[in-house]
Structure formats: C-alpha cells, structure tokens
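In the numbering used here, the protein residues as written are 4 to 391. Yeah, the Cβ is synthetic: ideal placement off N, Cα and C, and Gly gets one too. Values in this document were obtained by computation on a predicted structure and should not be read as measured data. Contents: one structure, followed by commentary.
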Ligand SMILES: Cc1ncc(COP(=O)(O)O)c(C=O)c1O
C-alpha cells in the first residue's frame with residue numbers, strides 16, 4: 004500500500020527559514036545576496052591545507068564523541084586566556100557539527116514539557132522551534148526599540164516557577180547590539196536564587212567593535228556555573244559551510260548535554276577537528292577579526308552616507324540594520340522581496356525575527372563581503388534611496 008497521508012506537523016508556525024527563502028529568491032533573480040550571514044571571501048589557505056593534510060594522513064574515521072582531545076585542550080587554553088575561565092577539556096567541552104546543533108542539544112537537555120524559556124527578541128530563528136520540539140513554551144521579551152538594549156525589569160517580570168531557561172545572544176544577530184558587563188551582572192542577580200539555566204549564544208564572540216570587550220558568560224563564575232556557551236568556528240574562520248562549533252558547560256550540565264548529543268550527531272568532522280586544533284595556535288587570526296570586520300562595517304556605512312536610510316549602530320556581528328522609513332511604507336517582508344525582483348539586492352526583513360512579526364521597517368544586510376561587493380550593494384541602495 005502506498006503512503007498517502009500528510010504528517011501532522013510538530014511545528015505549525017514554521018515554514019522554510021527566511022535565510023533559505025531569501026537566498027533562493029536571490030539566486031532566481033540573480034540578485035546580490037546581502038541576506039544570509041556568510042562571507043564571500045575565502046577562508047585561510049593554511050587551514051584548508053591542514054584539513055587536506057589530515058585527510059591524506061588517514062584521519063577519516065569517527066572522532067571521539069565529545070571531540071578530538073587536542074582541540075578540546077586548545078579551546079580550554081583559549082578560553083582561559085581570553086576570559087580567565089577554567090573549562091576541563093575532558094568533561095566540560097564538547098565539539099559539535101555547528102552552533103545550531105549545539106543550541107538544539109543544549110535546549111533538549113534542559114527543557115521539559117511545559118517549561119518556560121525566555122527568549123529575547125528579535126531572535127535567531129532556531130531557538131523557539133527547538134524549545135517547542137521539546138514541549139516547552141517560549142516566552143518572548145523584546146529588546147528596547149532604538150538601542151536594542153535588554154529591559155532586565157521586563158525579563159524579571161516574566162520569570163516564574165516554570166521558567167527553566169533564559170537564552171541570550173551577544174554580539175546579537177540581527178541587531179549588532181552587545182551586552183555589557185553591567186548587563187551580565189544584572190542577569191546574574193536575576194537568577195541567583197533560582198534553578199534557571201542560561202544558554203549563551205556567543206557565535207560572534209570575536210566580531211566586536213570600537214574597543215568593546217566580549218562579555219562572555221565565562222567571565223562571570225556564578226553565571227558560568229549554570230550556563231551553556233555555544234561557539235561556532237564557522238563564524239570565526241570564514242567557513243560557515245564546514246558547520247563546526249563547540250559547547251562549554253560545567254560537568255553536570257555537560258553530562259546531560261552529551262547524553263542527548265550522542266544520539267543527534269555522535270561526533271563532528273574528524274580531519275577538520277585536527278586541523279582546527281593546529282590552527283588555533285594562530286592567535287592573530289581571531290584576535291585580528293575586530294579590526295578586519297570593523298573596517299568592513301565602516302566602509303559599508305561610509306558608502307551609504309547621505310542616503311535616506313537610517314543606519315543603526317552596530318557594535319558587533321557582521322550585520323548592519325538599515326531603517327527605510329523615509330523611503331517606503333511597505334511591510335519589510337514585502338519590500339525585501341520587491342527589492343530582490345526590482346533592484347537585484349537581497350536582505351533579511353527583521354520582522355521575521357519576532358514571533359508576532361513586529362515590523363519596525365528594518366532590513367538586515369550582511370557586510371562580511373569583499374569591498375567590491377559592498378560597493379555594488381551601496382550602489383544599488385543609493386539608487387533605491389534616490390528613486391523612491
Ligand atoms: C546567532 C546565531 N547563533 C547560531 C548560529 C549558527 O551557527 P552555525 O552556523 O555554527 O550552526 C548563527 C548562524 O547564523 C547565528 O547567527
């Protein structure tokens with residue numbers, strides 16, 4: 004007998020992610036893709052050589068479930084140097100195939116039926132579905148419009164006996180806002196007498212500007228003792244397609260995390276792990292990222308000077324928000340599609356990062372691009388600004 008039924012969906016509110024939709028539309032209309040967050044320049048040839056080297060040397064079978072020991076050791080050293088924090092490579096660091104799977108496994112480890120999870124919006128689109136797949140209920144708190152800071156009072160008001168997890172993300176996608184040490188201390192205080200766990204999405208830890216320091220949860224021992232930290236090598240080393248990441252958490256949290264993760268992926272790519280272990284020695288590579296990306300941010304912004312776009316501040320990540328209030332009254336999702344078709348430029352409408360689709364007439368542009376790409380994007384945007 005042929006199967007004819009549809010599967011009843013577990014995620015009634017989800018369609019295809021906006022990143023896939025916009026990238027497909029950009030391809031269809033041969034538009035410049037400033038939408039999805041990926042660099043259009045090459046990753047380090049040395050890193051590629053190292054991966055080749057380990058493949059040729061026969062490092063092609065399953066890695067140990069928690070990751071190659073040398074890579075975990077090197078990460079432990081790095082976190083110790085950068086954030087004065089101690090993570091045991093044996094029991095507190097797990098290498099995973101990308102930040103997204105790290106987020107999903109951490110959420111699965113913590114959230115049970117009817118647990119509430121505070122998600123700060125606008126939010127990366129994988130958090131809420133992961134909570135819902137585990138029977139939890141996302142509770143949304145919006146960043147303050149304008150400067151996109153967290154209203155910790157509002158967070159406090161949403162905490163109750165069901166609250167199990169709070170998800171934070173700094174530097175923040177899509178706004179480019181960054182949490183300060185004062186923010187972290189407020190969060191620490193909020194949860195001190197609770198059993199709430201923190202999930203800290205720090206995939207843009209090295210992309211931070213204007214001399215600001217990344218306030219990793221790892222710097223705050225009381226917070227760190229109840230936190231998962233998710234990192235992504237793809238963001239740091241310009242190779243998002245390799246899908247490599249890691250999760251740091253104290254032993255008691257890591258134990259539960261690994262129980263679940265072992266049945267999701269079991270292990271991450273072996274030769275890439277050996278290559279990354281060697282490549283982490285090149286500290287100047289990740290330490291140079293703030294200057295590298297700040298130049299791109301500043302260049303892109305300078306190219307848009309004098310247009311009718313509102314350039315929002317960007318303290319970190321490789322995303323620039325542009326407000327188009329003076330240019331169009333169309334909803335952002337419509338406008339993003341129209342501009343792909345008519346002006347050949349793709350962006351991400353920010354309303355999709357809100358559960359209630361709040362539309363503040365904002366579009367997100369990725370500036371992890373060659374200067375020539377930024378120039379081409381600015382030219383298209385200037386034409387839009389002049390014509391409208
Ligand atoms: C905020 C945020 N978290 C997590 C991820 C996922 O990282 P990865 O590509 O390593 O899965 C992304 C990627 O865009 C992101 O923007």
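*Check whether the Cβ of residue 204 lies closer than 7 Å to any heavy atom of ligand 1, and answer yes or no.*
Position 201 of the chain shown, counted from the first residue, corresponds to residue 204. Residue 204 Cβ: within cutoff of ligand 1.
*Who does residue 2 pair with in a DSSP beta bridge?*
In the structure displayed, the chain extends from 4 to 391; residue 2 sits before or after that span and is not available.
*Since residue 322 and residue 367 are thought to touch, with beta carbons under 8 Å apart, how far apart are those beta carbons, to the nearest angstrom?*
For this step, residue 322 is matched to residue 319 along the chain shown. For this step, residue 367 is matched to residue 364 along the chain shown. 5 Å between Cβ atoms; contact.
_Suppose contacts are defined by Cβ-Cβ distances below 8 Å. Is residue 352 in contact with residue 336 by that definition?_
The residue given as residue 352 occupies position 349 in the chain shown. The residue given as residue 336 occupies position 333 in the chain shown. Their beta carbons are under 8 Å apart, which means residue 352 touches residue 336 by this criterion.
*Using DSSP bridges, identify the partner residues of residue 232.*
The residue given as residue 232 occupies position 229 in the chain shown. Paired residues: 203 and 251.
*Taking residue 93 as the reference, give the member of 7, 8 and 261 with the closest Cα.*
Counting from one through the chain shown, the residue named residue 93 turns up at place 90. Cα-wise, what sits closest to residue 93 is 261.
*From 162, 246, 48 and 250, pick the residue whose C-alpha is nearest to that of residue 227; which is it?*
Locating residue 227 in the chain shown gives position 224, where the first residue counts as 1. Residue 227 has its Cα closest to that of 250, out of 162, 246, 48 and 250.
*Assigned secondary structure, residue 156 (DSSP; H/G/I helix, E/B strand, else coil)*: Translated into positions along the chain shown, residue 156 becomes position 153. Note: residue 156 maps to helix in three-state DSSP.
*Going along the chain, which residues of its own chain have a beta-carbon closer than 8 Å to the beta-carbon of residue 13, five neighbours each way excluded?*
In the chain shown, counting from the first residue as 1, residue 13 sits at position 10. For residue 13, where only same-chain residues beyond five positions count, the Cβ hits under 8 Å are 135 and 136.
*Could you tell me whether any non-hydrogen atom of ligand 1 is closer than 7 Å to the CB of residue 106?*
Counting from one through the chain shown, the residue named residue 106 turns up at place 103. Yes, the beta carbon of residue 106 sits closer than 7 Å to at least one heavy atom of ligand 1.
*asked:* Please state the DSSP three-state secondary structure of residue 11.
replied: One-based indexing of the chain shown puts residue 11 at position 8. Coil, per DSSP.
_Less than 8 Å between the beta carbons of residue 230 and residue 248, yes or no?_
On the chain shown, position 227 is the one that residue 230 refers to. On the chain shown, position 245 is the one that residue 248 refers to. No. Outside cutoff.
_Using only CA atoms, which one of 281, 147, 307 and 158 lies nearest to residue 120?_
Counting from one through the chain shown, the residue named residue 120 turns up at place 117. Of 281, 147, 307 and 158, the residue nearest in Cα terms is 158.
_Distance cut-off 7 Å: residue 172 Cβ against heavy atoms of ligand 1_ = Stepping through the chain shown from its first residue, residue 172 is reached at position 169. Within the cutoff, so yes.
*Contact check, residue 105 vs residue 113 under 8 Å by CB: the rounded distance?*
As a working mapping, residue 105 is identified with position 102 in the chain shown. As a working mapping, residue 113 is identified with position 110 in the chain shown. With 8 Å as the limit, residue 105 and residue 113 do not qualify as a contact, their Cβ atoms being about 13 Å apart.
*To the nearest angstrom, how far is it from the Cα of residue 253 to the Cα of residue 80?*
For the purposes of this step, residue 253 is identified with residue 250 of the chain shown, where counting begins at 1. For the purposes of this step, residue 80 is identified with residue 77 of the chain shown, where counting begins at 1. Each residue's alpha carbon lies about 16 Å from the other.
_Which of helix, strand or coil DSSP assigns to residue 74_ = To locate residue 74, count along the chain shown from 1; it is residue 71. In the structure shown, residue 74 sits in a helix (DSSP, three-state: H, G or I).
*Assuming residue 180 contacts residue 146 (C-beta within less than 8 Å), just tell me the rounded distance between them.*
Walking along the chain shown from the start, residue 180 turns up at place 177. Walking along the chain shown from the start, residue 146 turns up at place 143. That belief holds up - the Cβ atoms of residue 180 and residue 146 are roughly 7 Å apart, short of 8 Å.
_Distance CB(residue 273)-CB(residue 64) smaller than 8 Å_ = Within the chain shown, numbered from 1, the residue matching residue 273 stands at position 270. Within the chain shown, numbered from 1, the residue matching residue 64 stands at position 61. For residue 273 and residue 64, yes; Cβs fall inside 8 Å.
*Exposed or buried, residue 190, counting other C-beta atoms within 10 Å across all chains shown (16 or more means buried)?*
As a working note, residue 190 is residue 187 in the chain shown. Buried, since its Cβ has 16 or more Cβ neighbours within 10 Å.
*Name the DSSP beta bridge partners of residue 349, please?*
What you label residue 349 is simply residue 346 of the chain shown in a count that begins at 1. In DSSP, residue 349 forms a bridge with 36.
*So, is residue 204 buried or exposed, given that buried needs 16 or more other C-beta atoms within 10 angstroms?*
The residue given as residue 204 occupies position 201 in the chain shown. With 16 or more other Cβ atoms within 10 Å, it is buried.
*State the start and end residues of the unbroken alpha helix (DSSP H) segment that holds residue 135.*
Within the chain shown, residue 135 is the residue found at index 132, counting from 1. First-last of the alpha helix (DSSP H) with residue 135: 130-136.
*Hey, is residue 235 close to ligand 1, as in C-beta under 7 Å from one of its heavy atoms?*
Within the chain shown, numbered from 1, the residue matching residue 235 stands at position 232. Yes - ligand 1 has a heavy atom lying nearer than 7 Å to the Cβ of residue 235.
*asked:* Can you tell me which residues form a DSSP beta bridge with residue 142?
replied: Locating residue 142 in the chain shown gives position 139, where the first residue counts as 1. 121, per the DSSP bridge assignment.
*With a 10 Å radius around its C-beta and 16 neighbouring C-beta atoms as the bar for buried, classify residue 167 as buried or exposed.*
Within the chain shown, residue 167 is the residue found at index 164, counting from 1. Burial call: buried.
*Is the beta carbon of residue 246 within less than 7 Å of some heavy atom of ligand 1?*
Locating residue 246 in the chain shown gives position 243, counting from the first residue. Because some heavy atom of ligand 1 lies under 7 Å away, the Cβ of residue 246 counts as near it: yes.
*How far does the beta strand (DSSP E) with residue 210 in it reach, from first residue to last?*
Position 207 of the chain shown holds residue 210. Residue 210 -> no beta strand (DSSP E), and no H or E assigned at all.
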